[in-house]
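Line by line, the protein sequences are chains A and B. Heads up: the first sequence begins at 1 in UniProt numbering, then just goes up one per residue. Heads up: the second sequence begins at 1 in UniProt numbering, then just goes up one per residue. Each residue gets a CB set at the ideal place from its N, CA and C atoms; glycine is no exception. Keep in mind the model is a prediction, meaning the values are calculated, not measured.
There are 2 protein chains.
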Amino acid sequence: MASPATSIIVDWGTTSLRATLVGESGEELDYLETTDGISSLGKDQHEPALMTALAPWFSSLGALPVAALGMITSRNGWVEVPYVQCPAGPAELAAGTVRRSLPNGSELVFLPGLQDPLRRPFPDVMRGEETQVIGHGLDKDITIIIPGTHSKWARVKAGKIDCFQTFVTGEIFNLLINHSFIARGSTQPAVDDADAYLWGLHEAKQSTAMSSLLFSARTGTLAGKLSADQLRSFVRGLVIGQEFRQARDANWFGENGQATIVGNDGLNDLYVQAAEIFALKISLGADDDLTKGALTVLHQALS
Amino acid sequence: MASPATSIIVDWGTTSLRATLVGESGEELDYLETTDGISSLGKDQHEPALMTALAPWFSSLGALPVAALGMITSRNGWVEVPYVQCPAGPAELAAGTVRRSLPNGSELVFLPGLQDPLRRPFPDVMRGEETQVIGHGLDKDITIIIPGTHSKWARVKAGKIDCFQTFVTGEIFNLLINHSFIARGSTQPAVDDADAYLWGLHEAKQSTAMSSLLFSARTGTLAGKLSADQLRSFVRGLVIGQEFRQARDANWFGENGQATIVGNDGLNDLYVQAAEIFALKISLGADDDLTKGALTVLHQALS
């Protein structure tokens, strides 16, 4: 028999709302997704959108505590929740939550994002990824990589998220492949080429001049060395490889380095391959890290 | 009394055709510009477009040798002229020209672009900038910077262009400012802020992690340190500053370095400021470097 539902975790981003119904220990009992991301909602539309999305569960189960995280707590979301500063663990994040009551009496808990005040030139920020790190666990001192449009490298130390750094790798890749001279030279619709990706990684490992290296997508084509089919993956290798190179130069890892990849943005396999090129030993987080982490903070906030 | 016209130099790029009527020593006698760039012309339209553009001069002066350079000699242009390899001076470029006769008997000389075969991972290329370097002069061993969408750093040595490297700085800036998260946060239409540009340069000088540094355009805004008015110029400082940092790391200059900026793509003042931040001493080329260089190669080709 399934355990009873105890909470709802809502990962509410720019383009979608993803809700998970969970039991006491975070086991997923049900899941739903809508396209009511914050970019499609006006200032007074958040509560109705949430109530509509969760109606099936509320009507059969009654009121349940709801944890909401992601861009919904940003300046352009429903309620702007101030960032909590590193180092921070569940207790610090719980202390930074903002609470509301929903029309059916359910407690709504907005989880805060995280800020690294020591990063230069300005404090770095994340909103949502910290939940994945906490869900993975803070018991060991490790380096965590969270691939994405804006990838994060974070360090877990003494039971807290100690510090982190953002790399806008996915954003640069998308710009190049959709809007630049590379887009004009690449097969459309784009194809993936595993060898070209590895090739790009190897080239990135050998060059500090990223602004120059990107031009190789053109010179390789002109020289007849890179095909239109290979271009997209080669460039992906260049930018992800540069992320690893820059992360290494910033001391996120060194010789005999180890790191854990959490999150599931569809990039994990590519990041595992990149890590291999850089001799960085990788372990992988679980698919439900976000849910588990959100539940941990929610429990602490409500206790 | 003006000297007699001896030649026509046509700088024929993607979006425009720019023609200069010159005297024996390269003095500019007349100038015209049309929007018949190669991107708007089909395969059989180049000759008619050129004849129409030059008709006023041909009708009053008769046949004159015409030098054509730029993207018109590329794969997507009129006649693809193979790249000449570095090291190369006027003699090597003249040997690489391709000649045609125009309907009025004028000699049309297509100038080749330049390739640096030693650049990794693929030979680097330029098409047009080599003419500016030659026009500036090859008598002294110097480092030349040609700012642009795809900036070039070139070395003049022993009377030839010895080697060069491309940085896609302008392209990255345009992508970021028009299509990325930075575009959404920036004042539209964009404004220029001289202090923010210098600030960006200083930050770029201190960071090797370009993929990370670019995120500061967001974190600075979130922290209330960077205004929407400052964003564009700050980011421009970051990317141009990274070009200088990467160029320095690639040994284009060191302590007590000197370089000359040629070309006039509207970026020279910004590059002079960047050079100052990096303690690189700058001298400037002349506005007619391209015309003079093209004439030098044309003379050699016709002699």
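If contacts are defined as beta-carbon pairs under 8 Å, then residue i and residue j qualify, I think. What distance do you get, rounded to the angstrom?
i: Gly23(B); j: Pro48(B); result: Rounded, the Cβ-Cβ distance is 27 Å, inconsistent with contact.
i: Val191(B); j: Ser211(A); result: With a Cβ gap of about 25 Å, Val191(B) and Ser211(A) do not count as contacting.
i: Glu203(B); j: Pro121(A); result: 5 Å
i: Leu222(B); j: Val133(A); result: Between Val133(A) and Leu222(B) the Cβ distance is about 20 Å, and since that is not below 8 Å, they are no contact.
i: Leu298(A); j: Ala67(A); result: 4 Å
i: Leu214(B); j: Ser186(B); result: About 13 Å separates the two Cβ atoms, so there is no contact after all.
i: Trp153(A); j: Ile145(A); result: 6 Å
i: Ala209(B); j: Ala250(A); result: 5 Å
i: Thr260(B); j: Ile177(B); result: Not a contact, Cβ separation roughly 28 Å.
i: Ser180(A); j: Glu28(B); result: Not really, about 34 Å apart at Cβ, beyond 8 Å.
i: Ser233(B); j: Ala196(B); result: 4 Å
i: Gly257(A); j: Lys281(A); result: 7 Å
i: Leu295(A); j: Ile9(A); result: 6 Å
Any idea if residue i is buried or exposed, counting beta-carbon neighbours within 10 angstroms, 16 or more meaning buried?
i: Leu118(B); result: exposed
i: Ser216(B); result: buried
i: Gly293(A); result: buried
i: Asp289(A); result: buried
i: Arg236(B); result: buried
i: Val84(A); result: buried
i: Met1(B); result: The pLDDT assigned to Met1(B) is 49, lower than 50, so where the model puts this residue is not dependable, and the model offers no usable value.
i: Glu33(B); result: exposed
i: Gly266(A); result: exposed
i: Ser303(B); result: exposed
i: Arg75(A); result: exposed
i: Ser101(A); result: exposed
i: Gln242(B); result: buried
i: Ala301(A); result: buried
i: Ala19(A); result: buried
i: Gln246(B); result: buried
i: Thr35(A); result: exposed
i: Glu94(B); result: Reading off the sequence shown, one finds Ala at residue 94(B), where the question assumed Glu. Label assigned to Ala94(B): buried.
In the DSSP assignment, find the unbroken beta strand (DSSP E) run with residue i in it and report its ends.
i: Ser59(B); result: Not the beta strand (DSSP E): Ser59(B) falls in the alpha helix (DSSP H), residues 46 to 61.
i: Arg100(B); result: 98 to 101
i: Val22(B); result: 17 to 23
i: Ala34(B); result: In the sequence as displayed, the identity of residue 34(B) is Thr instead of Ala. Unbroken beta strand (DSSP E) run through Thr34(B): 28 to 34.
i: Leu108(A); result: 107 to 110
i: Ala94(B); result: From DSSP, Ala94(B) is part of no beta strand (DSSP E) but of the alpha helix (DSSP H) over 90 to 95.
i: Leu69(A); result: 66 to 69
i: Val125(A); result: 124 to 126
Closest to residue i by CA distance: which of the options is it?
i: Phe244(A); options: Ser60(A), Met71(A), Thr166(A); result: Thr166(A)
i: Phe58(A); options: Leu267(A), Glu130(A), Thr6(A); result: Thr6(A)
i: Thr73(A); options: Thr149(A), Val262(A), Gly37(A); result: Gly37(A)
i: Val156(A); options: Ile172(A), Gly170(A), Gly148(A), Leu138(A); result: Leu138(A)
i: Val98(B); options: His179(B), Gly170(B), Pro112(B); result: Pro112(B)
i: Thr291(A); options: Thr131(A), Gly237(A), Ser40(A), Gly77(A); result: Thr131(A)
i: His150(B); options: Val239(B), Ser186(B), Arg75(B); result: Val239(B)
i: Arg184(B); options: Asp229(B), Leu93(B), Gly42(B), Ala194(B); result: Asp229(B)
i: Asn104(A); options: Ser180(A), Ser60(A), Asn76(A); result: Ser60(A)
i: Leu270(B); options: Ala301(B), Trp252(B), Ala194(B), Ala250(B); result: Ala194(B)
i: Gly174(B); options: Trp78(B), Ala247(B), Gly148(B), Asp249(B); result: The residue asked about is misnamed: residue 174(B) is Asn in this sequence, not Gly. Out of Trp78(B), Ala247(B), Gly148(B), Asp249(B), Gly148(B) has the C-alpha closest to the C-alpha of Asn174(B).
i: Arg248(A); options: Asn268(A), Ala274(A), Asp116(A); result: Ala274(A)
i: Ser39(B); options: Pro56(B), Leu17(B), Ala55(B); result: Leu17(B)
i: Asp44(B); options: Phe181(B), Glu171(B), Phe253(B), Trp78(B); result: Trp78(B)
i: Ser227(A); options: Trp199(A), Ile142(A), Asp11(A); result: Trp199(A)
i: Lys140(A); options: Gly159(A), Gly128(A), Glu129(A); result: Gly159(A)
i: Leu41(B); options: Trp12(B), Asn264(B), Asn268(B); result: Trp12(B)
i: Glu129(A); options: Ala55(A), Met71(A), Trp252(A); result: Met71(A)
i: Thr219(A); options: Ile282(B), Arg127(B), Ser283(B), Asp30(B); result: Arg127(B)
i: Val252(A); options: Phe164(A), Leu201(A), Ser180(A), Val272(A); result: Looking at the sequence provided, one finds Trp at residue 252(A) rather than Val. Checked all of Phe164(A), Leu201(A), Ser180(A), Val272(A); the closest Cα to Trp252(A) is Phe164(A).
i: Gly285(A); options: Gly263(A), Ala279(A), Ala196(A), Phe278(A); result: Gly263(A)
i: Gln115(B); options: Gly96(B), Cys86(B), Ala94(B), His136(B); result: Cys86(B)
So the alpha helix (DSSP H) residue i belongs to, where does it begin and stop?
i: Ile142(B); result: Neither: Ile142(B) is in no alpha helix (DSSP H) and is coded neither H nor E.
i: Ile9(A); result: Premise fails: Ile9(A) lies in the beta strand (DSSP E), 5 to 12, not in any alpha helix (DSSP H).
i: Met210(A); result: 210 to 213
i: Tyr197(B); result: 194 to 205
i: Leu114(B); result: Counting along the chain, Leu114(B) falls outside any alpha helix (DSSP H), though it belongs to the beta strand (DSSP E) covering 114 to 116.
i: Ala217(B); result: 216 to 222
i: Val133(A); result: 129 to 136
Does any residue of chain D have a CB that is nearer than 8 Å to the CB of residue i?
i: Gly220(A); result: Within the model displayed, chain D is absent; protein chains A and B are what it includes.
Next on the checklist: Please give me, in chain order, every unbroken run of the alpha helix (DSSP H) with length at least 4 that falls completely inside the region 246 to 294 of chain A.
Outcome noted: 268 to 277
Checklist entry - Of all the alpha helix (DSSP H) runs that stay within the bounds of the region 142 to 190 of chain A, which reach a length of 4 or more residues? => result 169 to 179, 181 to 185
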